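One structure below.
There are 2 protein chains.
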Amino acid sequence: MPTDQLSTTFAALADPTRRAMLARLGEGEATVNELAAPFAMSLQAVSRHVKVLEHAGLITRRQDAQRRPCRLQPKPLDDAVDWLEEHRQVLEGRLDRLEAHLRTIQATTEGQQP
Amino acid sequence: MPTDQLSTTFAALADPTRRAMLARLGEGEATVNELAAPFAMSLQAVSRHVKVLEHAGLITRRQDAQRRPCRLQPKPLDDAVDWLEEHRQVLEGRLDRLEAHLRTIQATTEGQQP
């Protein structure tokens, strides 16, 4: 299994429950019980997902009296966006060049018509 | 295992070799042999990665005489960017509100000084 941070981030994102939890945490801190509320799954299963997010560095937990709320950590998500954006820019550059090429062909063809 | 498209996309991205292959395909079509060139791994291992990318819909392969070049498909990557961007915007909104709140506190504190 790859252990680089970007791979760990994408692996953590590869689950709809974990993405829903991150989206919830984007609105503010939440305890595991609060995170579990919308899901029809055991607290144990929810805890496993929370651990995956925590080990991936996507969330941290802090002690607040009897509560241990989870908080989103934006850095790994930012890095994931950066990778995808950089990649998309290369692709868009290609499509722009292809479009320019097709326009040249079209202009040449039209120039040849009577 | 989750089978929704977004989870499949993120799972496919959770490997440095597959991300390097996608980055290479962002520059143009390539055969499996061409994709394998930079990696110190068997052609069989490279083929397995190509299959994961193909099953995830991130690449397609076409027949070109004796060659079967791979081509990048941008749609699933675009959807992944969209999810992350939407998520980041929520988070940034939170940070903006926090900053505004801190400024209010600061202004109030300064107003109370002699």
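Those protein sequence lines, which keep their order, are chains A and B. Quick note: the first sequence uses our numbering, first residue 1, plus one each step. Quick note: the second sequence uses our numbering, first residue 1001, plus one each step. Glycine residues also receive a C-beta, built at the ideal position from the N, C-alpha and C atoms. Since this is a predicted model, take the numbers as computed values, not measurements.
Is residue i helix, strand or coil when you go by DSSP?
i	result
A/Thr17	helix
B/Asp1004	coil
B/Ala1030	strand
A/Leu22	helix
B/Leu1084	helix
B/Leu1058	coil
B/Arg1067	strand
If you drop the 5 nearest sequence neighbours on each side, which residues of the same chain put their C-beta closer than 8 Å to that of residue i?
i	result
A/Arg68	Thr31, Val32, Arg61, Arg62
Restricting to Cα atoms, I'd like to know which of the options is closest to residue i.
i	options	result
B/Arg1018	B/Glu1027, B/Ala1065, B/Val1046, B/Ala1037	B/Val1046
B/Thr1009	B/Asp1082, B/Ala1036, B/Val1081, B/Pro1076	B/Pro1076
A/Arg48	A/Thr3, A/Pro74, A/Met21, A/Gly26	A/Met21
B/Gln1073	A/Gln73, A/Ala14, A/His87	A/His87
B/Phe1039	B/Glu1027, B/Pro1016, B/Gly1026, B/Asp1082	B/Pro1016
A/Trp115	B/Ala1023, B/Leu1006, B/Thr1003	This structure cannot settle anything about residue 115 of chain A, because the visible part of chain A is limited to 1 through 114.
A/Glu85	B/Gly1026, B/Ile1105, B/Ala1107, B/Glu1034	B/Gly1026
B/Thr1003	A/Asp4, A/Ala14, A/Thr3	A/Ala14
Leaving out five residues on either side along the sequence, give the residues of the same chain with a beta carbon under 7 Å from the beta carbon of residue i.
i	result
B/Ala1012	Arg1018, Val1052, Leu1053, Ala1056, Leu1058
A/Leu6	Asp79, Ala80, Trp83
B/Gly1111	none
Leaving out five residues on either side along the sequence, give the residues of the same chain with a beta carbon under 6 Å from the beta carbon of residue i.
i	result
A/Glu119	Past the boundaries of the shown model lies residue 119 of chain A; chain A is included only from 1 to 114, so the question cannot be answered.
A/Leu43	Ala36
A/Val50	Val32
Examine the ligand ATP and report whether any of its heavy atoms sits within less than 7 Å of the Cβ of residue i.
i	result
B/Arg1018	As for the ligand ATP, it is missing from this structure, which has no ligand bound.
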